[in-house]
Amino acid sequence: MKYFKFICDKAIPLDIINVDTDQIIPKQFLKMVKKEGYGEFLFYNWRYQNDGTLLTDFVLNDKRYSGRRILLTRDNFGSGSSREHAVWALKDFGIIVLIAPSFADIFYNNCFKNGILPVKLKSQQVEFLFKNSENEEIVVDLDKQEVACCDQSFSFLINGFNKRMLMQGLDEIGLTLELESDIGEYESKRGIHSSA
Amino acid sequence: MGRTLFDKIWDNHVVYQEKDAAHGNPSLIYIDCHLIHEVTSPQAFAGLKQLGRKVRRPDLTFATMDHNVPTTNRSIPVIDSDSSIQMHTLRENCNEFGITLYDMLSPQQGIVHVIGPELGLTLPGMTIVCGDSHTSTHGAFGAFALGIGTSDVEHVLATQCLWMHKPKSLNIKFSGTISNRPGLSAKDIILSTIRQIGISGGIGSVIEYSGEGISTLSMDQRMTICNMSIEGGARAGLIAPDEVTFDYIRGRPFAPSGEKLEKMIEYWESFLTTDSETCHDKSVKMDLSRLVPQVSWGTNPSMVIDVTENIPYPEVFADGNVEEEKSAKRALEYMGLEPGMPITEINIDRVFIGSCTNARLEDLVDASRLLEGRTVSSRVNAMVVPGSQSVKRAAEEKGIDRIFKKAGFDWRESGCSMCLGMNPDVLAPKQRCASTSNRNFEGRQGFGGRTHLVSPIMAAAAAVEGKFVDVREWF
Numbered sequence: 022m023k024y025f026k027f028i029c030d031k032a033i034p035l036d037i038i039n040v041d042t043d044q045i046i047p048k049q050f051l052k053m054v055k056k057e058g059y060g061e062f063l064f065y066n067w068r069y070q071n072d073g074t075l076l077t078d079f080v081l082n083d084k085r086y087s088g089r090r091i092l093l094t095r096d097n098f099g100s101g102s103s104r105e106h107a108v109w110a111l112k113d114f115g116i117i118v119l120i121a122p123s124f125a126d127i128f129y130n131n132c133f134k135n136g137i138l139p140v141k142l143k144s145q146q147v148e149f150l151f152k153n154s155e156n157e158e159i160v161v162d163l164d165k166q167e168v169a170c171c172d173q174s175f176s177f178l179i180n181g182f183n184k185r186m187l188m189q190g191l192d193e194i195g196l197t198l199e200l201e202s203d204i205g206e207y208e209s210k211r212g213i214h215s216s217a
Numbered sequence: 002m003g004r005t006l007f008d009k010i011w012d013n014h015v016v017y018q019e020k021d022a023a024h025g026n027p028s029l030i031y032i033d034c035h036l037i038h039e040v041t042s043p044q045a046f047a048g049l050k051q052l053g054r055k056v057r058r059p060d061l062t063f064a065t066m067d068h069n070v071p072t073t074n075r076s077i078p079v080i081d082s083d084s085s086i087q088m089h090t091l092r093e094n095c096n097e098f099g100i101t102l103y104d105m106l107s108p109q110q111g112i113v114h115v116i117g118p119e120l121g122l123t124l125p126g127m128t129i130v131c132g133d134s135h136t137s138t139h140g141a142f143g144a145f146a147l148g149i150g151t152s153d154v155e156h157v158l159a160t161q162c163l164w165m166h167k168p169k170s171l172n173i174k175f176s177g178t179i180s181n182r183p184g185l186s187a188k189d190i191i192l193s194t195i196r197q198i199g200i201s202g203g204i205g206s207v208i209e210y211s212g213e214g215i216s217t218l219s220m221d222q223r224m225t226i227c228n229m230s231i232e233g234g235a236r237a238g239l240i241a242p243d244e245v246t247f248d249y250i251r252g253r254p255f256a257p258s259g260e261k262l263e264k265m266i267e268y269w270e271s272f273l274t275t276d277s278e279t280c281h282d283k284s285v286k287m288d289l290s291r292l293v294p295q296v297s298w299g300t301n302p303s304m305v306i307d308v309t310e311n312i313p314y315p316e317v318f319a320d321g322n323v324e325e326e327k328s329a330k331r332a333l334e335y336m337g338l339e340p341g342m343p344i345t346e347i348n349i350d351r352v353f354i355g356s357c358t359n360a361r362l363e364d365l366v367d368a369s370r371l372l373e374g375r376t377v378s379s380r381v382n383a384m385v386v387p388g389s390q391s392v393k394r395a396a397e398e399k400g401i402d403r404i405f406k407k408a409g410f411d412w413r414e415s416g417c418s419m420c421l422g423m424n425p426d427v428l429a430p431k432q433r434c435a436s437t438s439n440r441n442f443e444g445r446q447g448f449g450g451r452t453h454l455v456s457p458i459m460a461a462a463a464a465v466e467g468k469f470v471d472v473r474e475w476f
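Chains as they are written, first to last, in this note's numbering: chain A, 22 to 217; chain B, 2 to 476.
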């Protein structure tokens, strides 16, 4: 499923800043040649001890949060490596909405290609959700561009292109291929700036 | 109205501009060069095949194997079956779609961001993408070069284009220079820059590096700077091309030559500059006059101090930011360090000179000069992994391999190696490494491993002493 419109769920609170993609999916799991099956390795080094037993104090292992599909986190989530495996792992684990004050650029782009909605809210709004999402449900409505929890609702910005991609689950490559004649025309007209 | 260097490259590459505001106004940007490697491409090719799509421009697509390859004897088969399958898959895909591949045993094999410039594939004014965040390296030539995810790799393979929203332009201007100041390197410049702007300071931006501190650098040094733009969160890094750039390009296999090249140089020189500093969305000034060698102490590349400083107290580092303070505490615990201790008192176990940040010829030459007549500390295991086979050959012709080996370094085959440890080159838990790579994230170089980012000469000196030293004192 590459589309997303709406969700009502409680959140998993991952109260750590600057979470990099090396943590989301460590390098030893980048050796597969498929897009599925990464969920069990999500946050591997934070979820498991060296001998493979669960680290119970990590939020993803906390039974209270099991099955939740919204991940609430802090600034600059997804920094570092471009590995889309990080998004595949979140998706495979069941996460479909991320809420944070900011995301790293490449990671943010990768989310939309895989049916995950990354929502940017103001720091104090994220703080409010951290305080309340333990027991309260969060409603995320992409069409309205709105996040609601308790008696509060926050609007969020999202680019129209990314919104349309998610709302309609469009095939981006298919869309671009409709412009094949424009691409061909560009290629034939390139001036000196094209060295290739 | 004036334009930035980035504006000009962007404008040259717009194939189609979406005008419907409800669709977000993205631009369809043409990609001049697409570099691929074994780790982030298999799913992209699988996607193409599933829908019977073709590679639009195999002639603009170039592949190598770098992330997984062993750096030891390559005449024996790759033991790790997953790595082996990934490499085999790339070989099959390149074969099927007619893409040039610099295979593991090719004399041109190497880290994708080292071989692109070496082969003359990287040229000023180009757009370059690769499924690897350190694609920003190529910006040193005045090319708009950015890392992309696998879905975008598939998109570029199929269409030779990418939908993008134009990033902002951030100018970082350096006054002062490291020329004639032995002990300082480009690595110190970029580490101190990230320390200042923070690891998210560049989000949504392309950084143009300018000023005397940049124009006085060699191409190898400029590549070190642009390489770590992503560590500051930036989409890409850019340096306006000049004579240093053009001299580097002359004679490269894929670069144009003769009159054609000279005509292009004339164009690059006159066109590929920022018209006025006021064209940038944001500007930051950096003064290099007081720069000293840098060492990272934590688990992200902004957690850096001068070699003359002590490990910071989390509350001082965080400067009132609760989240940063928590993160610094966590970093100190992971790194096994106490605040207040001099960074020069930390003993190290491993030294890694390598990666797309610091494994070009100049990096190895500089490090080897310090090692002449010296020996690696008995408690340190040190290795050099040249960035490419060409770098390795050039170094061997200069006798640099013999200096490294005599000092006690391992001299390896080229690849990404212990920068990310996808091959057998990894740290053991709690091992502490002086590394010339780009990321000190938890577990990056091996589960539980502790990475300190430094320049090649700082790494060489650390190998000899078994701890960090102010390498300026060695000159």
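Here a beta-carbon is modelled for each residue, glycine too, at the ideal position from N, C-alpha and C.
- Contacts that A:S123 makes with chain B (C-beta to C-beta distance below 7 angstroms): Position 102 of the first sequence, counted from the first residue, corresponds to residue 123 of chain A. Under the 7 angstroms cutoff, chain B gives S201 and I204.
- Message: List, in chain order, every chain B residue whose beta-carbon is nearer than 8 angstroms to that of A:Y24.
- Response: Position 3 of the first sequence, counted from the first residue, corresponds to residue 24 of chain A. Within 8 angstroms Cβ-Cβ: nothing; A:Y24 doesn't reach chain B, min ~15 angstroms.
- Message: To test your reading of the DSSP string, which unbroken beta strand (DSSP E) runs of 3 or more residues are found completely within the region 305 to 378 of chain B?
- Response: 305 to 307 and 351 to 354
- Message: Below 8 angstroms, how does it come out for the region 183 to 199 of chain A and the region 2 to 13 of chain B: are there three or more Cβ pairs, yes or no?
- Response: no
- Could you check which residue in B:S201, B:S211 and B:Q197 has the C-alpha nearest to that of B:T178? Residue numbering aside, residue 178 of chain B sits at position 177 when the second sequence is read from its first letter. Comparing Cα-Cα distances from B:T178 to each of B:S201, B:S211 and B:Q197, the minimum goes to B:S211.
- Query: Relative to chain B, which residues along the region 39 to 54 of chain A have a C-beta separation below 8 angstroms, given in chain order?
  - Reply: N39, D41, D43, Q44, P47, K48, Q49, L51, K52, M53 and V54
- Is there a Cβ from chain A that is less than 8 angstroms from the Cβ of B:A241? The residue you call residue 241 of chain B lines up with position 240 of the second sequence. No, no contact with chain A.
- Task: Measure the beta-carbon distance from B:C131 to B:V113 and round it to whole angstroms, keeping in mind my assumption that it falls under 8 angstroms.
- Result: Within the second sequence, residue 131 of chain B is the residue found at index 130, counting from 1. Within the second sequence, residue 113 of chain B is the residue found at index 112, counting from 1. The Cβ separation is near 6 angstroms, so the contact holds.
- B:H354 and B:T279: beta carbons closer than 8 angstroms? The residue given as residue 354 of chain B occupies position 353 in the second sequence. The residue given as residue 279 of chain B occupies position 278 in the second sequence. Contrary to the premise, residue 354 of chain B reads as Ile rather than His in this sequence. No, the pair does not count as a contact, with Cβ atoms beyond the cut-off.
- Length-filtered (4 minimum) alpha helix (DSSP H) runs lying within the region 63 to 124 of chain B: 82 to 98 and 113 to 120
- chain C partners of B:P27, CB-CB under 8 angstroms? Absent from the structure: chain C. Protein chains present are A and B.
- Query: For B:L1, which option in B:F405, B:L124 and B:S391 has the closest C-alpha, if you only look at C-alpha atoms?
  - Reply: Residue 1 of chain B is absent from the model: chain B starts at 2 and stops at 476.
- Task: Between the Cα of A:H106 and those of A:M53, A:G205 and A:G73, spot the shortest distance and give me the residue it belongs to.
- Result: Locating residue 106 of chain A in the first sequence gives position 85, where the first residue counts as 1. Of A:M53, A:G205 and A:G73, the residue nearest in Cα terms is A:M53.
- Task: Could you say which of B:S137, B:V377, B:G444 and B:A368 lies nearest to B:P457 if we only look at CA atoms?
- Result: Sequence index remark: in the second sequence, residue 457 of chain B carries index 456 (1-based). If we check each option's Cα against that of B:P457, B:A368 comes out closest.
- Cα-Cα separation between B:F515 and B:I149, rounded to whole angstroms: Because chain B is modelled from 2 through 476, residue 515 of chain B falls outside the range shown and cannot be assessed.
- Item | Interface positions of the region 54 to 74 of chain A facing chain B (Cβ-Cβ less than 8 angstroms), listed along the chain | V54, K55, K56, N66 and N71
- Query: Between the region 232 to 263 of chain B and chain A, which residues of the former have a C-beta closer than 7 angstroms to a C-beta of the latter?
  - Reply: G234, R236 and P257
- Message: Tell me the residue span of the beta strand (DSSP E) that contains B:R451.
- Response: Start at 1 with the first residue of the second sequence, and residue 451 of chain B comes out as number 450. Where B:R451 is concerned, the enclosing beta strand (DSSP E) stretches over R451 to L454.
- Message: Could you compute how far the alpha carbon of B:V305 sits from the alpha carbon of B:R196?
- Response: The residue you call residue 305 of chain B lines up with position 304 of the second sequence. The residue you call residue 196 of chain B lines up with position 195 of the second sequence. So the alpha carbons of these two residues sit roughly 6 angstroms apart.
- Task: Note down the Cα distance separating B:A460 from B:L218, rounded to an integer number of angstroms.
- Result: Numbered from its first residue, the second sequence carries residue 460 of chain B at position 459. Numbered from its first residue, the second sequence carries residue 218 of chain B at position 217. Between B:A460 and B:L218, the C-alpha separation is close to 20 angstroms.
- Measure from the alpha carbon of A:K56 to the alpha carbon of each residue in A:A121, A:V40, A:S144 and A:L111, then state which is nearest. Working through the first sequence from its first residue, we reach residue 56 of chain A at position 35. When only C-alpha atoms are compared, the closest one is A:L111.
- Query: Which of helix, strand or coil does DSSP assign to B:S176?
  - Reply: Start at 1 with the first residue of the second sequence, and residue 176 of chain B comes out as number 175. DSSP places B:S176 in strand when its eight states are reduced to three.
- C-beta neighbour in chain B for A:N130, strict 8 angstroms: Residue 130 of chain A sits at position 109 when you count from the first residue of the first sequence. Judged by the 8 angstroms Cβ criterion, A:N130 is in contact with chain B.
- Message: Within 8 angstroms of any Cβ in chain A, is that where the Cβ of B:D402 sits?
- Response: In the second sequence, the residue the question calls residue 402 of chain B occupies position 401. No, because no Cβ of chain A sits closer than 8 angstroms to the Cβ of B:D402.
- Task: Can you check the region 91 to 130 of chain A for any beta strand (DSSP E) of at least 3 residues that lies completely inside it and give the ranges in chain order?
- Result: 91 to 93 and 118 to 121
- Item | Buried or exposed by the 16-neighbour rule on C-beta atoms within 10 Å, applied to B:E232 | Residue 232 of chain B sits at position 231 when you count from the first residue of the second sequence. Buried, since its Cβ has 16 or more Cβ neighbours within 10 Å.
- Message: Taking CB distances under 8 angstroms as the criterion, tell me whether A:N82 reaches chain B.
- Response: The residue you call residue 82 of chain A lines up with position 61 of the first sequence. Chain B, which has no Cβ nearer than 8 angstroms to the Cβ of A:N82, makes this no.
- Message: Contact defined as beta carbons within less than 8 angstroms: I believe B:S328 pairs with B:N441. What is the distance between those atoms, to the nearest angstrom?
- Response: If you number the second sequence from 1, residue 328 of chain B lands on position 327. If you number the second sequence from 1, residue 441 of chain B lands on position 440. At roughly 13 angstroms, the Cβ-Cβ gap does not stay under 8 angstroms, so B:S328 and B:N441 are not in contact.
- Item | Closest by C-alpha distance to A:Q166, when choosing among A:I120, A:N135 and A:N156 | Reading the first sequence from its first residue, position 145 is the one you call residue 166 of chain A. Taking only the C-alpha atoms, the option nearest A:Q166 is A:I120.
- Using a Cβ-Cβ distance under 8 angstroms, would B:A159 count as near chain A? The residue given as residue 159 of chain B occupies position 158 in the second sequence. Taking Cβ atoms only, chain A reaches closer than 8 angstroms to B:A159, which makes this a yes.
- 3-residue-minimum beta strand (DSSP E) runs that sit fully inside the region 130 to 172 of chain A, ordered along the chain: 138 to 141, 159 to 162 and 167 to 170
- Whole beta strand (DSSP E) elements within the region 136 to 185 of chain B, 3-residue minimum: 145 to 148, 162 to 165 and 169 to 176
- Query: When the Cα of B:E346 is compared with those of B:Q295, B:E414, B:S216 and B:V308, which residue comes out closest?
  - Reply: As a working note, residue 346 of chain B is residue 345 in the second sequence. The residue with the shortest Cα to Cα distance from B:E346 is B:V308.
- Between the region 73 to 98 of chain B and chain A, which residues of the former have CB atoms less than 7 angstroms from a CB of the latter, in chain order? D83, S84, I86, Q87 and T90
- Answer with buried or exposed for B:T1, where buried requires no fewer than 16 other C-beta atoms within 10 angstroms of its C-beta. What is shown of chain B runs 2 to 476, which leaves residue 1 of chain B out entirely.
- Message: Within 8 angstroms of any Cβ in chain B, is that where the Cβ of A:S174 sits?
- Response: As a working mapping, residue 174 of chain A is identified with position 153 in the first sequence. Not one chain B Cβ lies under 8 angstroms of A:S174.
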